[in-house]
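Read through the structure below, which is laid out as structure tokens, and then see the notes.
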Amino acid sequence: MKLLEVEGLKLYYKTLRGPVKAVDNVEFTLEKGETLGAVGESGCGKSSTAIAIMKLLPTNVEQYEGKVLLDGMNVREFNEGEFRRKIRWKRISMVFQGAMNSLNPVLKAGFQVAEPLIVHQSMNKKEAIKKAKELFKLVGLPPDFTERYPHELSGGMKQRVAIAMALVLNPELIILDEPTSAIDVSIQAQIMNLLKRLKKELDISMMFITHDIALASDICDKIGVMYAGQIVELGPSENVLLNPKHPYTQKLIASVPLLRGDRTPEFIPGAPPDLVEPFKGCRFYPRCPYGKDEFEEKEPPLIEVEKNHFVKCWLYGDVK
Amino acid sequence: MDLQNIRTYFYVRKGFFRTLTVRAVDGVSLKIDQGEIVAIVGESGSGKTTLGRTALKLEKPVSGKIIFEGRDITNIKGDIKWFRRKAQMIFQDPFMSLNPYMTVKQIIEEPIVVHNFDEKERKRRILKALSDVRLLPSDEFLPKYPHMLSGGQRQRVGIARSLVLEPTLLVADEPISMIDASSRAGILFLFGEIQKKYDLGVMYITHDIATAKYVSVNIAVMYAGKIVEYGPTIEVLKNPLHPYTTALMEAVPDPDPQNRFRFRKVVPGEPPNPISPPTGCRFHPRCPYTTETCKKEEPLLKEISGRRIACHYAEKIAK
Numbered sequence: 003m004k005l006l007e008v009e010g011l012k013l014y015y016k017t018l019r020g021p022v023k024a025v026d027n028v029e030f031t032l033e034k035g036e037t038l039g040a041v042g043e044s045g046c047g048k049s050s051t052a053i054a055i056m057k058l059l060p061t062n063v064e065q066y067e068g069k070v071l072l073d074g075m076n077v078r079e080f081n082e083g084e085f086r087r088k089i090r091w092k093r094i095s096m097v098f099q100g101a102m103n104s105l106n107p108v109l110k111a112g113f114q115v116a117e118p119l120i121v122h123q124s125m126n127k128k129e130a131i132k133k134a135k136e137l138f139k140l141v142g143l144p145p146d147f148t149e150r151y152p153h154e155l156s157g158g159m160k161q162r163v164a165i166a167m168a169l170v171l172n173p174e175l176i177i178l179d180e181p182t183s184a185i186d187v188s189i190q191a192q193i194m195n196l197l198k199r200l201k202k203e204l205d206i207s208m209m210f211i212t213h214d215i216a217l218a219s220d221i222c223d224k225i226g227v228m229y230a231g232q233i234v235e236l237g238p239s240e241n242v243l244l245n246p247k248h249p250y251t252q253k254l255i256a257s258v259p260l261l262r263g264d265r266t267p268e269f270i271p272g273a274p275p276d277l278v279e280p281f282k283g284c285r286f287y288p289r290c291p292y293g294k295d296e297f298e299e300k301e302p303p304l305i306e307v308e309k310n311h312f313v314k315c316w317l318y319g320d321v322k
Numbered sequence: 005m006d007l008q009n010i011r012t013y014f015y016v017r018k019g020f021f022r023t024l025t026v027r028a029v030d031g032v033s034l035k036i037d038q039g040e041i042v043a044i045v046g047e048s049g050s051g052k053t054t055l056g057r058t059a060l061k062l063e064k065p066v067s068g069k070i071i072f073e074g075r076d077i078t079n080i081k082g083d084i085k086w087f088r089r090k091a092q093m094i095f096q097d098p099f100m101s102l103n104p105y106m107t108v109k110q111i112i113e114e115p116i117v118v119h120n121f122d123e124k125e126r127k128r129r130i131l132k133a134l135s136d137v138r139l140l141p142s143d144e145f146l147p148k149y150p151h152m153l154s155g156g157q158r159q160r161v162g163i164a165r166s167l168v169l170e171p172t173l174l175v176a177d178e179p180i181s182m183i184d185a186s187s188r189a190g191i192l193f194l195f196g197e198i199q200k201k202y203d204l205g206v207m208y209i210t211h212d213i214a215t216a217k218y219v220s221v222n223i224a225v226m227y228a229g230k231i232v233e234y235g236p237t238i239e240v241l242k243n244p245l246h247p248y249t250t251a252l253m254e255a256v257p258d259p260d261p262q263n264r265f266r267f268r269k270v271v272p273g274e275p276p277n278p279i280s281p282p283t284g285c286r287f288h289p290r291c292p293y294t295t296e297t298c299k300k301e302e303p304l305l306k307e308i309s310g311r312r313i314a315c316h317y318a319e320k321i322a323k
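From first to last, the protein sequence lines stand for chains A and B. For the first sequence, position 66 matches number 68 in my numbering, and the numbering has no gaps at all. For the second sequence, position 298 matches number 302 in my numbering, and the numbering has no gaps at all.
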């Protein structure tokens with residue numbers, strides 16, 4: 003069953019040089035219980051897509067449009083009050099990048115997890131803390147750690163607290179923005195195991211944002227590869243990882259140094275385009291080894307090459 | 005470069021009277037031959053960066069010896085310009101390590117100005133360094149400011165700056181970790197190419213064991229200020245003998261859709277606080293094979309089948 007459908011999502015930022023097209027016509031669907039990976043390099047719009055879904059917009063928004071359908075209801079059109087009361091944190095929650103550093107240093111970790119219960123569900127403090135203790139257990143922290151302040155916790159523990167915070171109102175979808183980016187690899191593996199366990203036990207949907215396609219393979223059922231504000235390839239992990247169709251995805255996977263295996267990593271010459279410049283054709287064209295002149299003129303649509311496997315590339319369609 | 009039993013401690017004041025000792029590097033010996041790349045792999049707080057900084061005399065070790073090209077430079081005072089010229093560093097963050105008010109030319113020129121080269125020689129060296137790092141055509145890059153360059157290009161400028169004095173030793177501290185995935189391999193190859201061309205000794209410091217595999221000849225795995233395993237990179241990664249090396253490798257995923265169906269074997273807990281490291285083997289609180297001996301006795305680096313391993317049970321594991 004479809005939980006989230008995103009159609010034609012656009013988020014442009016105002017800058018002195020003109021609008022930055024951070025998210026430009028993004029579309030994807032997410033089933034109940036499914037984990038979608040949004041993979042791409044810095045500046046490709048993956049975090050902006052997340053804040054566009056969460057309606058956590060900065061003040062310099064130039065244009066914000068498209069549909070974000072949650073169970074068929076367009077929540078993007080909700081006003082701020084309605085969205086806050088009904089959607090944010092209750093149905094869609096988020097673990098922010100560097101969340102471990104965004105805990106309030108003067109409040110106990112347990113209270114910070116319990117706070118939404120007190121505010122949103124007018125639970126009394128004692129009950130809320132009890133619930134927080136349960137959540138601590140769920141994310142693999144000793145329940146009495148609710149009494150600790152953030153400085154008494156290590157980085158990995160704080161990250162677990164941030165995950166507990168996102169789970170407190172039993173959301174159906176949790177957006178994880180680089181949840182392990184500031185963490186050491188041995189702790190990263192612990193957090194990934196935790197997320198896998200939560201996915202299994204809670205049957206929760208996740209959107210997992212990362213720059214590391216290898217890490218995405220560790221949890222995602224479906225992967226969307228983003229480039230220059232757009233999804234260029236979207237499909238089941240098996241298809242995208244083992245049989246990538248878009249030249250960018252192919253190169254991105256080939257650029258990963260393998261720990262097990264002998265393949266020499268490759269690189270893509272050039273750099274991603276400036277998102278202020280107007281685009282006409284394929285955005286990867288200047289770096290693509292297979293580009294033909296006519297691809298520069300017309301933007302490719304998302305083409306379904308196999309069942310549920312979409313590619314935004316003229317190599318799989320008719321440019322005329 | 006030959007580092008002998010280096011200990012680098014930092015002192016932090018706690019309250020008025022107490023001073024705590026941070027044992028960042030605690031007894032590390034390491035040799036880097038000319039033309040050899042040694043990877044130092046470890047997590048944050050393992051002491052890998054401090055080791056690199058100590059090797060370049062940016063930190064003062066409390067004990068141990070630093071021998072460079074046959075000279076003991078540990079306590080050398082005053083004129084160490086000759087050493088600074090021969091040993092250079094590449095920094096992690098290409099955004100922070102370049103002065104935004106200086107042009108590419110000024111950035112690369114600065115070391116040679118300090119070392120008093122004449123105008124003609126300066127020009128020659130700058131252009132050579134730029135072409136070595138493939139910033140071509142070099143003339144076009146000279147007047148640019150760092151903000152006009154991409155992350156990969158900035159890191160190339162950083163590398164050019166370190167090459168312009170024609171050093172024999174490079175310490176590269178996570179040179180590719182801040183660069184986008186698609187450009188990383190490019191910098192990595194460039195690095196290998198330059199290393200061969202100049203026959204450089206390189207200390208490649210990284211947290212990413214997978215990239216170490218592609219650049220280094222030998223690898224040293226550090227944990228809590230000590231080397232726990234050292235040996236030829238290929239051998240170590242094929243058959244890790246220290247339980248920590250095994251755990252570190254197990255934690256790194258390769259892109260494989262099957263990954264999501266299994267849990268990773270992880271070691272519990274987190275790296276210890278370098279102020280009060282555990283007794284005995286520093287890995288014992290997290291190690292799956294811990295025994296009483298591990299808690300009491302500190303394992304020394306032992307030579308086992310061409311490698312050095314600090315584990316009481318290395319021979320057993322090797323079998």
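C-beta: ideal position from N, C-alpha, C; glycine also.
Exercise. Spell out whether any CB of chain E is found under 8 Å from the CB atom of B/Leu252.
Key: You won't find chain E in this structure, because its protein chains are A and B.
Quiz item: What whole-angstrom Cβ distance do B/Pro272 and B/Arg290 have, given they're in contact under 8 Å?
Solution: Translated into positions along the second sequence, residue 272 of chain B becomes position 268. Translated into positions along the second sequence, residue 290 of chain B becomes position 286. Sure, about 6 Å apart at Cβ, within 8 Å.
Exercise. Find the residues of chain A that neighbour B/Tyr345, judging by a C-beta separation of less than 8 Å, and give them in chain order.
Key: Absent from the model: residue 345 of chain B. The displayed extent of chain B is 5 to 323, so no value can be given.
Quiz item: Is B/Tyr248 closer than 8 Å to B/Val270 when the C-beta atoms are compared?
Solution: In the second sequence, residue 270 of chain B corresponds to position 266, counting from 1. In the second sequence, residue 248 of chain B corresponds to position 244, counting from 1. No, the pair does not count as a contact, with Cβ atoms beyond the cut-off.
Exercise. Below 9 Å between beta carbons is the criterion; list the residues of the stretch 141 to 175 of chain A that meet it against any residue of chain B, in chain order.
Key: Ser156, Gly157, Gly158, Met159
Self-check item: Neighbouring residues, chain A, relative to B/Asn222 (Cβ below 7 Å)
Solution: Stepping through the second sequence from its first residue, residue 222 of chain B is reached at position 218. Those do not exist, as B/Asn222 stays about 17 Å from chain A at its closest Cβ, beyond 7 Å.
Self-check item: Whole runs of the alpha helix (DSSP H) within the stretch 193 to 253 of chain A, excluding any shorter than 4 residues
Solution: 215 to 218, 239 to 244
Quiz item: Relative to chain A, which residues along the stretch 227 to 240 of chain B have a C-beta separation below 8 Å, given in chain order?
Solution: none
Quiz prompt | Bridge-paired residues (DSSP) for B/Thr210 | solution = As a working note, residue 210 of chain B is residue 206 in the second sequence. Paired residues: B/Val45.
Practice problem: Express the C-alpha separation of B/Val45 and A/Val313 in angstroms, rounding to a whole number. | Solution: Residue numbering aside, residue 313 of chain A sits at position 311 when the first sequence is read from its first letter. Residue numbering aside, residue 45 of chain B sits at position 41 when the second sequence is read from its first letter. Roughly 38 Å between the two C-alpha positions.
Self-check item: First through last residue of the beta strand (DSSP E) which encompasses B/Arg27
Solution: Against the second sequence, residue 27 of chain B aligns to sequence position 23. Here the beta strand (DSSP E) through B/Arg27 covers 22 to 35.
Quiz item: Going straight from the alpha carbon of B/Glu47 to that of B/Thr25, what length do you get?
Solution: Residue mapping note: residue 47 of chain B aligns to position 43 of the second sequence, counting from 1. Residue mapping note: residue 25 of chain B aligns to position 21 of the second sequence, counting from 1. Their backbone Cα atoms lie some 20 Å apart in a straight line.
Quiz prompt | chain B contact for A/Cys315 (CB, 8 Å cutoff) | solution = By one-based count along the first sequence, residue 315 of chain A stands at place 313. So, not an interface residue.
Self-check item: 8 Å contact criterion, which A/Pro249 and A/Cys315 should meet: CB distance rounded
Solution: Taking the first sequence and counting its residues from 1, one reaches residue 249 of chain A at position 247. Taking the first sequence and counting its residues from 1, one reaches residue 315 of chain A at position 313. Contact holds; Cβ gap of about 7 Å.
Exercise. Could you tell me if A/Val242 is buried or exposed, where buried requires 16 or more neighbouring beta carbons within 10 angstroms of its beta carbon?
Key: Position 240 of the first sequence holds residue 242 of chain A. It counts as buried.
Quiz item: What does A/Lys198 touch in chain B if you count any residue whose Cβ is under 8 Å from its own?
Solution: On the first sequence, residue 198 of chain A is found 196 positions in, with the first residue counted as 1. Per Cβ cutoff of 8 Å: Arg264, Phe267.
Quiz item: Do the stretch 197 to 214 of chain A and the stretch 35 to 50 of chain A meet, that is, are 3 or more Cβ pairs less than 8 Å apart?
Solution: yes
Quiz item: Under the DSSP definition of a beta bridge, which residues are partnered with B/Arg75?
Solution: For the purposes of this step, residue 75 of chain B is taken as the residue at position 71 of the second sequence. According to DSSP, B/Arg75 bridges with B/Phe72.
Quiz prompt | Sequence ranges, beta strand (DSSP E) only - wholly within the stretch 174 to 212 of chain B, length at least 3 | solution = 205 to 210
Practice problem: Report the neighbours of A/Asn195 on chain B: residues whose CB is nearer than 7 Å to its CB, in chain order. | Solution: Locating residue 195 of chain A in the first sequence gives position 193, counting from the first residue. Going along chain B in sequence order, the residues near A/Asn195 (Cβ under 7 Å) are Phe267, Arg268, Val270.
Exercise. Please confirm if A/Ser124 has its CB atom under 8 Å from at least one CB of chain B.
Key: Position 122 of the first sequence, counted from the start, is the residue given in the question as residue 124 of chain A. No, its Cβ sits nowhere closer than 8 Å to a Cβ of chain B.
Practice problem: Under 9 Å between beta-carbons, which chain B residues line up against A/Leu277? List them in chain order, please. | Solution: Stepping through the first sequence from its first residue, residue 277 of chain A is reached at position 275. Near A/Leu277 there are no residues of chain B at all, since even the closest Cβ is about 14 Å away, more than 9 Å.
Practice problem: Indicate whether B/Gly310 and B/Glu233 have their beta-carbon atoms separated by less than 8 Å. | Solution: As a first step, residue 310 of chain B is located in the second sequence; it is residue number 306 there, counting from the start. As a first step, residue 233 of chain B is located in the second sequence; it is residue number 229 there, counting from the start. Contact flag unset, no.
Self-check item: Stretch-stretch touch, CB-based, cutoff 8 Å, three pairs: the stretch 77 to 95 of chain A with the stretch 192 to 202 of chain A
Solution: no
Quiz item: Closest by CA to A/Arg262, which one among B/Thr297, B/Arg264, B/Asp258?
Solution: Position 260 of the first sequence, counted from the start, is the residue given in the question as residue 262 of chain A. Ranking the options by Cα distance to A/Arg262, first place goes to B/Asp258.
Quiz prompt | Neighbouring residues, chain B, relative to A/Cys222 (Cβ below 8 Å) | solution = To locate residue 222 of chain A, count along the first sequence from 1; it is residue 220. Simply Arg264.
Quiz item: So A/Ser95 is in the beta strand (DSSP E); what residue range does that whole segment cover?
Solution: Walking along the first sequence from the start, residue 95 of chain A turns up at place 93. A/Ser95 -> beta strand (DSSP E) spans 94 to 97.
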